[in-house]
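In the working numbering, the protein residues as written are 4 to 285. Glycine included, every Cβ here is placed at the ideal spot set by N, Cα and C. Because the structure is a prediction, the values reported are computed rather than measured. Take a look at the structure below.
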Amino acid sequence: MPELTDLSYIRSLCERHGFALSKGFGQNFIVNPSVCPRMIQAAGIGPEYGVLEIGPGIGVLTQQAARAAARVVAVEVDSRLPALLAESLADCLNVKIVLEDVLKCDLKGLIEKEFSGRKVAVVANLPYYITSPILMKLLEERLDVESITVMVQKEAAERITAPPGSRQSGAISLAVRYFASPKLLFTVSPGSFTPPPKVTSAVIQLLPHKVLPVVPADEKRMFAIIKAAFGQRRKTAVNAISAGLGLPKEQVADAVASLGKGEMVRPEKLELGDFAALSGLL
Numbered sequence: 004m005p006e007l008t009d010l011s012y013i014r015s016l017c018e019r020h021g022f023a024l025s026k027g028f029g030q031n032f033i034v035n036p037s038v039c040p041r042m043i044q045a046a047g048i049g050p051e052y053g054v055l056e057i058g059p060g061i062g063v064l065t066q067q068a069a070r071a072a073a074r075v076v077a078v079e080v081d082s083r084l085p086a087l088l089a090e091s092l093a094d095c096l097n098v099k100i101v102l103e104d105v106l107k108c109d110l111k112g113l114i115e116k117e118f119s120g121r122k123v124a125v126v127a128n129l130p131y132y133i134t135s136p137i138l139m140k141l142l143e144e145r146l147d148v149e150s151i152t153v154m155v156q157k158e159a160a161e162r163i164t165a166p167p168g169s170r171q172s173g174a175i176s177l178a179v180r181y182f183a184s185p186k187l188l189f190t191v192s193p194g195s196f197t198p199p200p201k202v203t204s205a206v207i208q209l210l211p212h213k214v215l216p217v218v219p220a221d222e223k224r225m226f227a228i229i230k231a232a233f234g235q236r237r238k239t240a241v242n243a244i245s246a247g248l249g250l251p252k253e254q255v256a257d258a259v260a261s262l263g264k265g266e267m268v269r270p271e272k273l274e275l276g277d278f279a280a281l282s283g284l285l
């Protein structure tokens, strides 16, 4: 198999296929040979697994997944890459490339079709500009997967994995914790990529809940309240929710007070259970 983290090979491969990196797709290829094996190991992927990858690039993570798992299906939006991947992954006979936008893809149907009867893990080096939409799609569709192990911008990783009540906790933190248990695994330096991004990256893992931790009266309303609360996080939770949802301040204050929270409580001090309760009170 070719060494896909070798910079000279990457350059010659791209030249042969007339491929130039796209800023629009947020493309940065991994050249640190230790990163992808570490991700696969952290995901616990073995021969009983099927792997769903998002954004394979030139196939660095795909190759490592193919060595460990029974089958790999990689969803790629860039129509220039399948021909390149056909060469870089020529020895990986258990890999299938699906040319589609992951945000429009029927992932549940794809998993049922390609991995029937197998454990499934999701792995990805996510484009930083659409990290949250992709993660929320993976979680909201309640896919039958064992784990989601992805590389994201370090700043985003810290927000996603922030514990309730911490200063970094926000809407994405609560949304993720509703669906899964998040954990920051390790950081990855800019020099691990070509071209090097201007930020440090981090690998996080989400373990989807078998049973949701809270039962809101209305899930959609709960997320609307969370979004409103953190949309103006310098304000108190009462003022932010009132302004964000166009509700009378007194009504919101009474609902928050019924939770045993003072009127001056900040959004980050409200827990997931509080927002679930507010979905029934407001």
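Cα-Cα separation, residue i to residue j
i, j, result
"TYR131", "LYS201", "12 Å"
"ALA45", "LYS99", "23 Å"
"LEU177", "PRO167", "8 Å"
"ALA243", "CYS95", "52 Å"
"PRO193", "ILE48", "26 Å"
"GLU222", "VAL179", "13 Å"
"LYS186", "ARG19", "40 Å"
"SER270", "PHE226", "A quick correction: the sequence has Pro, not Ser, at residue 270. Roughly 13 Å between the two C-alpha positions."
"HIS212", "PHE233", "24 Å"
"GLU266", "PRO216", "26 Å"
"LYS107", "ALA124", "20 Å"
"VAL76", "LEU55", "5 Å"
"ASN35", "ASP9", "9 Å"
Helix, strand or coil at residue i [DSSP, three-state]
i, result
"ALA127", "strand"
"ARG282", "It should be pointed out that residue 282 corresponds to Ser in this sequence rather than to Arg. Helix, per DSSP."
"LEU142", "helix"
"PRO211", "strand"
"PRO185", "strand"
"ALA23", "coil"
"THR203", "coil"
"THR239", "coil"
"GLN156", "strand"
Contact set for residue i: own chain, Cβ-Cβ below 8 Å, skip 5 residues either direction
i, result
"VAL105", "ILE57, GLY58, VAL78, VAL80, ILE137, LYS140"
Cβ-heavy atom distance, residue i to the ligand NAP, below 7 Å
i, result
"GLY112", "Absent from the structure shown: the ligand NAP. Ligands present: none."
Other residues of its chain near residue i: CB distance less than 7 Å, five sequence neighbours each side excluded
i, result
"ALA280", "LEU262"
"PHE22", "ARG83, LEU87"
"LEU146", "LEU110, LYS111, ILE114"
"ARG162", "GLN171, GLY173, ILE175, SER176"
"GLY220", "Checking the displayed sequence, the identity of residue 220 turns out to be Ala instead of Gly. The answer, listed in chain order, is SER282, GLY283."
"GLY62", "LEU7, LEU88, SER91, LEU92"
Beta-carbon contacts of residue i that lie in its chain and below 6 Å, excluding the five residues immediately before and after
i, result
"LYS264", "none"
Neighbour flag for residue i against chain B, beta carbons, 8 Å
i, result
"MET154", "As a matter of chain content, chain B is missing from the structure shown, which is built from one protein chain."
One or two residues paired with residue i in a DSSP bridge
i, result
"ARG74", "GLY53"
"GLU90", "GLU90 pairs with nothing; no bridge assigned."
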